[in-house]
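Enquirer: So that we are looking at the same thing, I have put the structure below in structure tokens.
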Amino acid sequence: MTVLLANNVSSALAAPITASATSMTVMDGSRFPVLSAGQYFYATIIATNGIVEIVKVNTRNGNAMSITRAQDGTNAQAFVAGARVEMRINAASVRDTVTDQTGPLDTRLTTAEGDITSLEGRMTTAEGDITSLEGRMTTAEGDIVALENFDTALATSTGSASVGFLQAGTGASLRTVQSKLRDVVSVKDFGAVGDGVADDTVAIQAALTAAKNVVFPGGYTFYVAGTLNITQNSACICIEGGATVYHAGTGTKCFNITGSNVTICGEGTLFSNGTQNATNSPITYAAIWVSGEGCVIRDIRLQRVTRCGVYFNDVGFATVDGITIDGEYDTSTWVPTDTGLFGIFIDPNATSSQGQILVSSSKLARLVSGIGAGNYGAASDGRGLSFTSNLFIDCADHGVYCAATKGTTVSANTFDRCGAAVALTGSGHLISGNSVTNFGAARSIYDKISINIREPMNCVVSNNVLIGPYGAGYSGIELSNITGTSISYNVVDGNIVVNTGTVQGRMFIIGNGSLTETMTGNVISNNVFKGPGNNNEAVATFLMRPTFYGSNNVFCNNLVHSTNQWQCLWINRQKKMTVHSNKFIWEYSAGAPATYDVVYLNDVSYSTFRGNSLSVIGGTNVTIRGFTGNASGNNWYTENQSTLTDSSVAAATPVFNAQVSDRVINNTWNINRIEGTAAPTTGTWALGDVVYNTNPTAGGYFGWICTVAGTPGTWRTFGAIS
5 MTVLLANNVS SALAAPITAS ATSMTVMDGS RFPVLSAGQY FYATIIATNG
55 IVEIVKVNTR NGNAMSITRA QDGTNAQAFV AGARVEMRIN AASVRDTVTD
105 QTGPLDTRLT TAEGDITSLE GRMTTAEGDI TSLEGRMTTA EGDIVALENF
155 DTALATSTGS ASVGFLQAGT GASLRTVQSK LRDVVSVKDF GAVGDGVADD
205 TVAIQAALTA AKNVVFPGGY TFYVAGTLNI TQNSACICIE GGATVYHAGT
255 GTKCFNITGS NVTICGEGTL FSNGTQNATN SPITYAAIWV SGEGCVIRDI
305 RLQRVTRCGV YFNDVGFATV DGITIDGEYD TSTWVPTDTG LFGIFIDPNA
355 TSSQGQILVS SSKLARLVSG IGAGNYGAAS DGRGLSFTSN LFIDCADHGV
405 YCAATKGTTV SANTFDRCGA AVALTGSGHL ISGNSVTNFG AARSIYDKIS
455 INIREPMNCV VSNNVLIGPY GAGYSGIELS NITGTSISYN VVDGNIVVNT
505 GTVQGRMFII GNGSLTETMT GNVISNNVFK GPGNNNEAVA TFLMRPTFYG
555 SNNVFCNNLV HSTNQWQCLW INRQKKMTVH SNKFIWEYSA GAPATYDVVY
605 LNDVSYSTFR GNSLSVIGGT NVTIRGFTGN ASGNNWYTEN QSTLTDSSVA
655 AATPVFNAQV SDRVINNTWN INRIEGTAAP TTGTWALGDV VYNTNPTAGG
705 YFGWICTVAG TPGTWRTFGA IS
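So the sequence shown is numbered by this note's numbering: it starts at 5 and just counts up by one.
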């Protein structure tokens, strides 16, 4: 039997072994010697806790080895997969080597017994061989001591610097294990406990100061009483799934990011435990406070907001993607003076306009407002902001609120149980493809407008769907003034706005009756507006300040359906306006005789009303007029059509309140059927109008027919009943 030795041979167990196992399989057996008949080698198995066992490997077939356990004074142990397997110099291998070397000598000595003379002649040589073997044994013993010292060194702080690492793949460079492990730093490397009780602020700050790539490992809760400062550029902070950063400081920042291009990511949680503050005042702290450019915040969860979840302070570009902010704010306690508890707030530079901040695919819930921008900037604009594909739930005041921005995009978001879904101020905004539900009547706390742009210029509101019960005086879409005087060149197109309740509200309004002085070039087209109009206003309304006029505005291809007594469309102080190809539907039953208008014109001139359809459905005790009001004249009414359908109207007169200067061409008024119990005594009627008797009796008449036009005109019975 011959023992084999080899240098720098190591692998790891591919599968666990018991203390009685007689075979083992390593991950890579190719480095170990190939055994022929009668050959063997010793292997040392090292557990992660430092326990070793020396085994004798009798055969090797690829990665599988048959072994004899508990060699060289060690005990048989059970080992887990991954335990190191190495060929080391040990006492047994040295002894066997010596035995291998002295075996021929013994044979020769036995032979020499028959030849004393020959033996004596070769004794000198044998003595020399023995001396050489003793020298080799001394060297081997030194090697054993060196290996034992190396084992001890591996357990020190510099031990990993003595072990090599080579990544798989062509071109990989040899590194030390120490260099490899320092690619990413765990906060626990610097003494963070992670038990949710011990204050880990100092340890975590040490990690953030020492390294760019820092991990909060899963399964731990890291208690932070102070502020963690991230100053390094291009740092990456990962809060792993199952990890929680518990911020206990009231009125302080948790993460304060001043470095540029910093990333905070992971599926862990940042929890804020301080007192919630929703007052309308400047924000001075947040769970994540960002002052560095190019920050990316992705996938993490912010649980409970005390003032603000993420605050961008004087930042020009940043990205928030896929995060969840659950403010845990009790919206039932909200009052309108509380406007300051935000999920995300963007405060532009005080002297220069900044923007290019994207918030996407995120969920913001149980907050006063989901996203805010510009409210506390000094004379500055946030520009190029984009809020896309987010979910806003239970935001008591606003889903998105931007006080001083330009070119903001709010698209493909869902707003559920929010006050005002979107409120923007400024020019160049795009609000498109959003869904707004469950607003208005659900709670009295809501703002009065679902989508609102203040001081709008060159804005687009398109393809949004707003469905829900309205609160009193609520508006679906509003373009208005709060400090300025101009509303011009905006487009409202393809929206669906439906009030499913019975409380009066406006589906669409443009202008402010006390502020708006300029309203030019606005296009309202291809929308659906349905619901009960607001008191003395309509389902859709144009408003101007007294003595000022809007001009060249367009209202076309819309469906406007009023479900109460107020007008479908109310136009105030307009010139050169075009109203064409709209369908107006009006339905209402009055308790007493009354006169109502489908389209009301107040001080409107030089305008065109073309190709519109006015349909009146049902109703009792009402006189319906078409285009009427206090129009100033020089208007064109052409190819409009009015139809009264399936009605029990006592006196119905769909008419124009036309002026002498107006042109009325090719309009059609069609009253399909009017019913009553007597000939009309009010209203203006045309020759040939018929009222059918709803209470026919023997000897009575089938109905009444107007033989002389007038108010109410002359009526005669017809159709005697025998």
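For every residue, glycine included, the Cβ atom is placed at its ideal position computed from N, Cα and C. Owing to the predicted nature of the structure, the values given are computational and were not obtained by experimental measurement.
Which of helix, strand or coil does DSSP assign to Ala407?
Expert: Looking at Ala407 - three-state DSSP - the assignment turns out to be coil, as it is neither helix nor strand.
Enquirer: Straight-line CA distance for Asp401 to Thr343?
Expert: Approximately 7 angstroms, taken between the alpha carbons.
Enquirer: What do you reckon, are the CB atoms on Gly33 and Thr6 nearer than 8 angstroms?
Expert: No; because the gap between Cβ atoms is not below 8 angstroms, this pair is not in contact.
Enquirer: What's the C-alpha gap between Thr409 and Trp293?
Expert: Cα to Cα, the separation comes out at about 20 angstroms.
Enquirer: Taking only three categories from DSSP, how would you classify Ile350?
Expert: Strand, per DSSP.
Enquirer: Between which two residues does the beta strand (DSSP E) carrying Leu371 extend?
Expert: Start and end: 367-377.
Enquirer: Should Gln105 be labelled buried (16 or more other beta-carbon atoms within 10 Å of its own) or exposed?
Expert: With fewer than 16 other Cβ atoms within 10 Å, it is exposed.
Enquirer: Please report the straight-line C-alpha distance between Ile709 and Arg667, rounded to a whole angstrom.
Expert: Rounded to whole angstroms, Ile709 to Arg667 spans 30 angstroms at the Cα level.
Enquirer: Which word fits Ala291, buried or exposed, when buried means at least 16 other C-beta atoms lie within 10 angstroms of its C-beta?
Expert: When all chains shown are included, Ala291 counts as buried.
Enquirer: Going by the CB atoms, is the gap between Asn561 and Asn526 shorter than 8 angstroms?
Expert: Contact: no.
Enquirer: For Gly554, which residues from the same chain have a beta carbon less than 6 angstroms from its beta carbon, with the 5 sequence-adjacent residues on both sides left out?
Expert: Same-chain partners within the cutoff: Met523, Met548, Gln578.
Enquirer: Measure the C-alpha to C-alpha separation of Tyr493 and Tyr705 and round it to an integer number of angstroms.
Expert: Those two C-alpha atoms are separated by around 59 angstroms.
Enquirer: If you follow the beta strand (DSSP E) that Ile678 is in, where does it begin and where does it stop?
Expert: Looking at the DSSP string, Ile678 is not in any beta strand (DSSP E), and its letter there is neither H nor E.
Enquirer: With DSSP as the reference, identify every bridge partner of Cys269, one or two as the case may be.
Expert: According to DSSP, Cys269 bridges with Cys242.
Enquirer: Excluding sequence positions up to five away, which residues of its chain have a Cβ less than 6 angstroms from the Cβ of Val84?
Expert: Taken in chain order, the residues that qualify are Pro20.
Enquirer: Can you look up Val319 in the DSSP assignment and give me helix, strand or coil?
Expert: Coil, per DSSP.
Enquirer: Closer than 7 angstroms to a non-hydrogen atom of the ligand HEM - does that hold for the CB of Val167?
Expert: Questions concerning the ligand HEM fall outside what the structure shown contains, since it holds no ligand whatsoever.
Enquirer: Does the region 280-290 come close enough to the region 263-272 to have 3 or more Cβ pairs within less than 8 angstroms?
Expert: The region 280-290 is not in contact with the region 263-272.
Enquirer: Rounded to the nearest angstrom, what separates Phe631 and Val603 at their Cα positions?
Expert: Phe631 and Val603: Cα-Cα distance of roughly 5 angstroms.
Enquirer: Please classify Ala202 as buried or exposed, where buried requires at least 16 neighbouring CB atoms within 10 angstroms.
Expert: It counts as exposed.
Enquirer: Among Leu563, Ala96, Thr337, Gly376, which one has its Cα closest to the Cα of Asp497?
Expert: Looking at the Cα atoms, Leu563 is the closest of the given residues.
Enquirer: In or out: Glu138 buried (at least 16 other Cβ within 10 Å) or exposed?
Expert: Classification of Glu138: exposed, given that the 10 Å Cβ count is below 16.
Enquirer: Compare the C-alpha of Tyr224 against each of Phe259, Thr273, Ile234, Val102 and name the closest.
Expert: Nearest of Phe259, Thr273, Ile234, Val102 to Tyr224, Cα basis: Thr273.
Enquirer: Based on the DSSP secondary-structure assignment, which residues constitute the bridge partners of His584?
Expert: In the DSSP output, where bridge partners are listed per residue, His584 has Cys560, Arg614.
Enquirer: At which residues does the beta strand (DSSP E) containing Ile513 begin and terminate?
Expert: Looking at the DSSP string, the run of the beta strand (DSSP E) that includes Ile513 is 509-514.
Enquirer: Starting from Val206 and walking both ways along the alpha helix (DSSP H), at which residues does that stretch end?
Expert: Residues 205-214.
Enquirer: With H, G and I counted as helix, E and B as strand and the rest as coil, what does DSSP make of Glu332?
Expert: Correct three-state label for Glu332: coil.
Enquirer: Along the chain, where does the beta strand (DSSP E) that runs through Glu459 open and close?
Expert: Where Glu459 is concerned, the enclosing beta strand (DSSP E) stretches over 453-461.
Enquirer: What are the partner residues of Trp570, as DSSP defines its beta bridges?
Expert: According to DSSP, which records beta bridges pairwise, Trp570 is partnered with nothing at all.
Enquirer: Taking DSSP's pairing of strands, which residues face Ile301 in a bridge?
Expert: Note: Ile301 sits in a beta bridge opposite Ile268, Val324.
Enquirer: Could you check where the beta strand (DSSP E) with Lys257 kicks off and where it finishes?
Expert: Careful: Lys257 lies outside any beta strand (DSSP E) and carries neither H nor E.
Enquirer: My output table needs one value for Ala656: the three-state DSSP class, helix, strand or coil.
Expert: Residue confidence is low: Ala656 scores 42 on pLDDT, short of 50, so the model does not pin down where it sits. No coordinate-derived value is stated.
Enquirer: By the DSSP assignment, the beta strand (DSSP E) with Ala47 in it spans what residues?
Expert: Note, Ala47: beta strand (DSSP E), 43-50.
Enquirer: Kindly indicate the opening and closing residues of the beta strand (DSSP E) around Lys60.
Expert: From DSSP, the beta strand (DSSP E) with Lys60 extends over 56-65.
Enquirer: According to DSSP, is Glu521 part of a helix, a strand, or is it coil?
Expert: Glu521 falls in the coil class under three-state DSSP.
Enquirer: So the beta strand (DSSP E) Ser726 belongs to, where does it begin and stop?
Expert: Careful: Ser726 lies outside any beta strand (DSSP E) and carries neither H nor E.
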